[in-house]
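Novice:
There are 2 protein chains.
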Amino acid sequence: MKEKGFAMKKRIVRVGPLALGEGVIIQSMTNVRTERTEEVLAQIGRLAEAGCPLVRVSVPDLPSAEALKVICKKSPLPVVADIHYDWRLAVRAAENGAAKIRINPGNMEPEGLKKVVAACKRADIPIRVGVNSGSLPERLLAEYGRTPEALARCARESVKLLEDLDFDQIVVSAKSSDVAGTVAANRMLADLPYPLHIGVTEAGTVRSGLIKSAAGLGALLLDGIGDTIRVSLSGDPVEEVYAARQILRAVGVDKSFVEVIACPTCARTECDVVGLAERVERLTAGLTVPLKVAVMGCAVNGIGEGKEADLGIAGGKGKCVIFRQGEVLCTLPQAEAEAAFLKILEEMCEERRERK
Amino acid sequence: MKEKGFAMKKRIVRVGPLALGEGVIIQSMTNVRTERTEEVLAQIGRLAEAGCPLVRVSVPDLPSAEALKVICKKSPLPVVADIHYDWRLAVRAAENGAAKIRINPGNMEPEGLKKVVAACKRADIPIRVGVNSGSLPERLLAEYGRTPEALARCARESVKLLEDLDFDQIVVSAKSSDVAGTVAANRMLADLPYPLHIGVTEAGTVRSGLIKSAAGLGALLLDGIGDTIRVSLSGDPVEEVYAARQILRAVGVDKSFVEVIACPTCARTECDVVGLAERVERLTAGLTVPLKVAVMGCAVNGIGEGKEADLGIAGGKGKCVIFRQGEVLCTLPQAEAEAAFLKILEEMCEERRERK
Numbered sequence: 001m002k003e004k005g006f007a008m009k010k011r012i013v014r015v016g017p018l019a020l021g022e023g024v025i026i027q028s029m030t031n032v033r034t035e036r037t038e039e040v041l042a043q044i045g046r047l048a049e050a051g052c053p054l055v056r057v058s059v060p061d062l063p064s065a066e067a068l069k070v071i072c073k074k075s076p077l078p079v080v081a082d083i084h085y086d087w088r089l090a091v092r093a094a095e096n097g098a099a100k101i102r103i104n105p106g107n108m109e110p111e112g113l114k115k116v117v118a119a120c121k122r123a124d125i126p127i128r129v130g131v132n133s134g135s136l137p138e139r140l141l142a143e144y145g146r147t148p149e150a151l152a153r154c155a156r157e158s159v160k161l162l163e164d165l166d167f168d169q170i171v172v173s174a175k176s177s178d179v180a181g182t183v184a185a186n187r188m189l190a191d192l193p194y195p196l197h198i199g200v201t202e203a204g205t206v207r208s209g210l211i212k213s214a215a216g217l218g219a220l221l222l223d224g225i226g227d228t229i230r231v232s233l234s235g236d237p238v239e240e241v242y243a244a245r246q247i248l249r250a251v252g253v254d255k256s257f258v259e260v261i262a263c264p265t266c267a268r269t270e271c272d273v274v275g276l277a278e279r280v281e282r283l284t285a286g287l288t289v290p291l292k293v294a295v296m297g298c299a300v301n302g303i304g305e306g307k308e309a310d311l312g313i314a315g316g317k318g319k320c321v322i323f324r325q326g327e328v329l330c331t332l333p334q335a336e337a338e339a340a341f342l343k344i345l346e347e348m349c350e351e352r353r354e355r356k
Numbered sequence: 357m358k359e360k361g362f363a364m365k366k367r368i369v370r371v372g373p374l375a376l377g378e379g380v381i382i383q384s385m386t387n388v389r390t391e392r393t394e395e396v397l398a399q400i401g402r403l404a405e406a407g408c409p410l411v412r413v414s415v416p417d418l419p420s421a422e423a424l425k426v427i428c429k430k431s432p433l434p435v436v437a438d439i440h441y442d443w444r445l446a447v448r449a450a451e452n453g454a455a456k457i458r459i460n461p462g463n464m465e466p467e468g469l470k471k472v473v474a475a476c477k478r479a480d481i482p483i484r485v486g487v488n489s490g491s492l493p494e495r496l497l498a499e500y501g502r503t504p505e506a507l508a509r510c511a512r513e514s515v516k517l518l519e520d521l522d523f524d525q526i527v528v529s530a531k532s533s534d535v536a537g538t539v540a541a542n543r544m545l546a547d548l549p550y551p552l553h554i555g556v557t558e559a560g561t562v563r564s565g566l567i568k569s570a571a572g573l574g575a576l577l578l579d580g581i582g583d584t585i586r587v588s589l590s591g592d593p594v595e596e597v598y599a600a601r602q603i604l605r606a607v608g609v610d611k612s613f614v615e616v617i618a619c620p621t622c623a624r625t626e627c628d629v630v631g632l633a634e635r636v637e638r639l640t641a642g643l644t645v646p647l648k649v650a651v652m653g654c655a656v657n658g659i660g661e662g663k664e665a666d667l668g669i670a671g672g673k674g675k676c677v678i679f680r681q682g683e684v685l686c687t688l689p690q691a692e693a694e695a696a697f698l699k700i701l702e703e704m705c706e707e708r709r710e711r712k
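Protein chains in written order, with my numbering: chain U, 1 to 356; chain P, 357 to 712.
Shown next as structure tokens:
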């Protein structure tokens, strides 16, 4: 359970079977042409398999909006339709089965926005107000410059446009490719009564995007900010899901997994820490059992520093120590220790799975 | 320049030629046996080549402490000696040329600590007070549990032990393998007048360690907390340097590089974003020119979202648009656009290098 850093009670917003505002929901986005429905559905299938509960699809033109009819019907996941400027596409998306639509209300003509809101009310689906630092109105840029203040202000004004139309099924996002700017703007928006969708936009290639997203989204999640996250990576969207999950695990939002802590190895290292840590990670990758496992290079610091672990192994001179919650379980010759350790680990996983 | 989130003036602590407390200094640690001086020096050489300015070496025994004599003399980088428990090793390290020593004063006998402080005063080197959640005294655990409060309290008490010996060349670290705990403890210590060394200890294998460090250190750095960072990864220490640099770049502490922002691609994508972004990253990897380059999949959002970039390219139907600070520079057939873009990029890098 996520602890919020503020007392504000958030509205729960339903997106298909999902409840935004409870926990933190991972999402990704397809990157094949939306009118190629079979390819889109295949990609959504792979995202679902990877454990992604929510998917967004870009709707840049009418054929894409019409393709949604088939996509939404066959998709195993609720589908969010991403629309820019053209209110007609948003209305068609709502009529064609989208579970949520994402628009930037400030970029839409007011009469069109009214029709979009009416369509979403009829379809009983929420709207994400998505603003980003690249499309701020000149008026705000003149007053605030390209700052987090301008971005947060833009989000609030856009929310107000929907509230004035008596619409409150709102999700809000304020994105920038600048990590510090994204974090600052979202902190300013944390008091809004609506779920926040957080992400660093145009994050970059897989590795640099991963680091930008981990830093920016990590900082926000550690403050209890963010109800749904997307990690933008230029590449296979399935990678976005893995990255998002790892971020949620790193900051302690997702605790249902086997966490492997490994010492960074130093001159004291007396066993193959890297190899064993990787073997343990592989062995336990698919498990949703909350367990902390330590692989430590030496007994000097290993047992102490591994105290927080449910199970640990520490190298020694020819011998390895296996410990459980800081208590030594047994000392074995190095040759036998790894197999024994993995066996105990499997038993513990089995035990906890049964207890669930 | 890093902006501190608080008014407190930090003491500048000198470590060889480096000044801790100005900017954020990257460090790493060797992971070969310290008495194998040639191997240690080879690793330090590779770290220096990778741009690491500070290195730590583990000193678990007397042969290691003696090996420091050669290592410190020949090392191109100032060497920090890492010592646990044994004050004799710390004294020898100070005498043998260490530029800083790292100890956990609470784990050392008081008479020994006096001798260590005296040796560091004679050698005119600072001490890092390194505490971590795995070795908290029972007394604090009983009072606070294994919490960030206990960790921060332990750090303050340990600092006091040195201050009581009239020593003030202090650097402080409080580490845990728990990201949220590390962040919370370091926020509590941000008011100390000494530089903070930040790191998530036992972070794990390369990928999970990278994410934990990016989230934890990113959150702290975004708050202006942290004067030297180490990214702990189980693997080649050179990887730690690359990771640390990427984190500093992601949060905007290091601005002297070519930042490539790439859109995550969607149904609108009309050019090879991933390929081009990776080619641009490779082409500019070694440059220390501050430049923001955008590679966008479509002209619809591309030019707007890439406004913050110094130079950008956006795909179009058979054509690509090249833009500079949001202004269209030229529109070229897709086949010619990439080469033209890379040429303009090289010229801009050249220009800015000359201006420096």
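Note that CB positions come from ideal geometry on N, CA and C, so glycine has one too. Keep in mind that this is a model prediction, so the values were computed, not measured.
At the level of alpha carbons, what is the spacing between residue 85 of chain U and residue 95 of chain U?
Specialist: Looking up residue 85 of chain U in the first sequence gives position 85. Looking up residue 95 of chain U in the first sequence gives position 95. Taking the straight line joining both Cα atoms gives about 18 Å.
Novice: So residue 243 of chain U and residue 189 of chain U are supposed to be a Cβ contact under 8 Å. How far apart are they, rounded?
Specialist: One-based indexing of the first sequence puts residue 243 of chain U at position 243. One-based indexing of the first sequence puts residue 189 of chain U at position 189. Wrong, their Cβ atoms sit about 23 Å apart, outside the cutoff.
Novice: Would you check if the distance between the CB atom of residue 527 of chain P and the CB atom of residue 380 of chain P is smaller than 8 Å?
Specialist: On the second sequence, residue 527 of chain P is found 171 positions in, with the first residue counted as 1. On the second sequence, residue 380 of chain P is found 24 positions in, with the first residue counted as 1. No, they are not a contact pair.
Novice: Where does the unbroken alpha helix (DSSP H) through residue 387 of chain P begin, and where does it stop?
Specialist: If you number the second sequence from 1, residue 387 of chain P lands on position 31. Note, residue 387 of chain P: premise wrong, no alpha helix (DSSP H); not H, not E.
Novice: Note down, in chain order, each residue of its chain lying with its Cβ closer than 6 Å to the Cβ of residue 214 of chain U, except the 5 sequence neighbours on either side.
Specialist: Counted from its first residue, the first sequence places residue 214 of chain U at position 214. 247.
Novice: Just the chain U side, please: which residues come within less than 9 Å of residue 491 of chain P by C-beta, in chain order?
Specialist: Here residue 491 of chain P corresponds to residue number 135 of the second sequence, with the count starting at 1. Simply 301, 304, 305, 307.
Novice: Among the residues of its own chain, which have a CB less than 6 Å from the CB of residue 419 of chain P, if the five just before and after it don't count?
Specialist: Position 63 of the second sequence, counting from 1, holds the residue named residue 419 of chain P. Excluding positions up to five away in sequence, the list reads 391.
Novice: Check the C-beta distance from residue 455 of chain P over to residue 371 of chain P and give it rounded, since I have them as a contact under 8 Å.
Specialist: Position 99 of the second sequence, counting from 1, holds the residue named residue 455 of chain P. Position 15 of the second sequence, counting from 1, holds the residue named residue 371 of chain P. With a Cβ gap of about 5 Å, residue 455 of chain P and residue 371 of chain P count as contacting.
Novice: Are residue 103 of chain U and residue 116 of chain U closer than 8 Å when you measure CB to CB?
Specialist: Reading the first sequence from its first residue, position 103 is the one you call residue 103 of chain U. Reading the first sequence from its first residue, position 116 is the one you call residue 116 of chain U. Contact: yes.
Novice: Is the stretch 405-413 of chain P touching the stretch 285-305 of chain U, taking contact as three or more C-beta pairs under 8 Å?
Specialist: Touching, no.
Novice: Give the secondary structure of residue 302 of chain U by DSSP, where H, G and I count as helix, E and B as strand, and everything else as coil.
Specialist: For the purposes of this step, residue 302 of chain U is identified with residue 302 of the first sequence, where counting begins at 1. DSSP places residue 302 of chain U in helix when its eight states are reduced to three.
Novice: Jot down the residue ranges of each uninterrupted beta strand (DSSP E) in the stretch 509-543 of chain P, minimum 3 residues, whole runs only, in chain order.
Specialist: Correct list: 526-531.
Novice: For residue 122 of chain U, count neighbouring C-beta atoms within 10 Å of its own C-beta (all shown protein chains included) and say buried if the count is 16 or more, exposed if not.
Specialist: Taking the first sequence and counting its residues from 1, one reaches residue 122 of chain U at position 122. By the 10 Å Cβ count, residue 122 of chain U comes out exposed.
Novice: For residue 98 of chain U, name the three-state secondary structure that DSSP assigns.
Specialist: Numbered from its first residue, the first sequence carries residue 98 of chain U at position 98. Of the three classes helix, strand and coil, the one that applies to residue 98 of chain U here is coil, per DSSP.
Novice: For residue 622 of chain P and chain U, any beta-carbon pair shorter than 8 Å?
Specialist: To locate residue 622 of chain P, count along the second sequence from 1; it is residue 266. Output row for residue 622 of chain P: interface = yes.
Novice: Cα-Cα, which of P:588, P:579, P:672, P:701 is closest to residue 687 of chain P?
Specialist: As a working mapping, residue 687 of chain P is identified with position 331 in the second sequence. Selected option, being the one with the closest Cα: P:672.
Novice: So, using beta-carbon positions, are residue 649 of chain P and residue 614 of chain P closer together than 8 Å?
Specialist: Mapped onto the second sequence, residue 649 of chain P falls at position 293. Mapped onto the second sequence, residue 614 of chain P falls at position 258. Result yes, Cβ atoms of residue 649 of chain P and residue 614 of chain P sit closer than 8 Å.
Novice: Tell me where the beta strand (DSSP E) around residue 668 of chain P begins and ends.
Specialist: Translated into positions along the second sequence, residue 668 of chain P becomes position 312. Residue 668 of chain P -> beta strand (DSSP E) spans 667-671.
Novice: Run through the stretch 221-302 of chain U for me and flag every whole alpha helix (DSSP H) of 4 or more residues, listed as ranges in chain order.
Specialist: Here the runs fully enclosed are 237-250, 273-284.
Novice: Along the stretch 41-70 of chain U, what residues have a CB closer than 8 Å to any CB found in chain P?
Specialist: The residues in question are 57, 58, 59, 60, 64.
Novice: For residue 81 of chain U and residue 57 of chain U, which I take to be in contact (beta-carbon distance under 8 Å), what is that distance rounded to the nearest angstrom?
Specialist: On the first sequence, residue 81 of chain U is found 81 positions in, with the first residue counted as 1. On the first sequence, residue 57 of chain U is found 57 positions in, with the first residue counted as 1. The pair is a contact, with the Cβ atoms about 6 Å apart (cut-off 8 Å).
Novice: If I'm right that residue 433 of chain P touches residue 400 of chain P with Cβ under 8 Å, what's the distance once you round it to whole angstroms?
Specialist: In the second sequence, the residue the question calls residue 433 of chain P occupies position 77. In the second sequence, the residue the question calls residue 400 of chain P occupies position 44. At roughly 6 Å, the Cβ-Cβ gap stays under 8 Å, so residue 433 of chain P and residue 400 of chain P are in contact.
Novice: Near residue 184 of chain U, which residues of its chain fall below 7 Å by C-beta distance, leaving aside the five closest residues on each side in sequence?
Specialist: Along the first sequence, one-based indexing puts residue 184 of chain U at 184. Counting only Cβ-Cβ distances below 7 Å, and skipping sequence neighbours, we find 148.
Novice: Do you know offhand how far residue 306 of chain U's Cα is from residue 312 of chain U's?
Specialist: Here the question's residue 306 of chain U lines up with position 306 in the first sequence. Here the question's residue 312 of chain U lines up with position 312 in the first sequence. Distance between the alpha carbons of residue 306 of chain U and residue 312 of chain U is about 7 Å.
Novice: Check each residue of the stretch 427-443 of chain P: if its Cβ is closer than 8 Å to any Cβ of chain U, include it; give the result in chain order.
Specialist: Under the 8 Å Cβ criterion, the stretch 427-443 of chain P contributes 438, 440.
Novice: Taking the alpha-carbon positions, what's the residue 108 of chain U to residue 208 of chain U distance?
Specialist: Locating residue 108 of chain U in the first sequence gives position 108, where the first residue counts as 1. Locating residue 208 of chain U in the first sequence gives position 208, where the first residue counts as 1. Cα-Cα distance, rounded: 33 Å.
Novice: Using beta carbons (cut-off 8 Å, strictly below), is residue 132 of chain U in contact with chain P?
Specialist: For the purposes of this step, residue 132 of chain U is identified with residue 132 of the first sequence, where counting begins at 1. Chain P contact via Cβ: present.
Novice: Taking any Cβ of chain P, which residues in the stretch 11-34 of chain U have a Cβ under 8 Å from it, in chain order?
Specialist: Under the 8 Å Cβ criterion, the stretch 11-34 of chain U contributes 29, 30, 31, 32, 33, 34.
Novice: Should residue 452 of chain P be listed as close to the ligand ZN, given that the test is whether its C-beta is under 7 Å from any heavy atom?
Specialist: This structure simply doesn't include the ligand ZN, nor any ligand for that matter.
Novice: Quick check: residue 392 of chain U and residue 224 of chain U, are their CB atoms within less than 8 Å of each other?
Specialist: Here chain U covers residues 1 to 356 and nothing more, so residue 392 of chain U does not appear.
Novice: If we ignore side chains and look at the alpha-carbon of each, how far apart do residue 229 of chain U and residue 72 of chain U end up?
Specialist: Reading the first sequence from its first residue, position 229 is the one you call residue 229 of chain U. Reading the first sequence from its first residue, position 72 is the one you call residue 72 of chain U. Each residue's alpha carbon lies about 21 Å from the other.
Novice: By Cβ distance below 8 Å, which residues in the same chain neighbour residue 69 of chain U in space, the five residues on each side in sequence not counted?
Specialist: Residue mapping note: residue 69 of chain U aligns to position 69 of the first sequence, counting from 1. 96, 97.
Novice: Taking only three categories from DSSP, how would you classify residue 146 of chain U?
Specialist: Here residue 146 of chain U refers to the residue found at position 146 when the first sequence is read from its first residue. Coil at residue 146 of chain U, not helix or strand.
Novice: Need the endpoints of the beta strand (DSSP E) that residue 58 of chain U sits in, please.
Specialist: Here the question's residue 58 of chain U lines up with position 58 in the first sequence. Taken as a continuous stretch (DSSP letters only), the beta strand (DSSP E) holding residue 58 of chain U covers 54-58.
Novice: Note down, in chain order, all residues in the stretch 254-288 of chain U with a beta-carbon under 7 Å from any beta-carbon belonging to chain P.
Specialist: Those residues of the stretch 254-288 of chain U that come within reach of chain P (Cβ to Cβ, closer than 7 Å) are 260, 261, 262, 263, 264, 265, 266, 267, 268, 269, 273, 274, 277, 278, 281.
Novice: Under 7 Å Cβ-Cβ, which residues of chain U neighbour residue 570 of chain P?
Specialist: Here residue 570 of chain P refers to the residue found at position 214 of the second sequence. Within 7 Å Cβ-Cβ: 211, 214, 215, 218.
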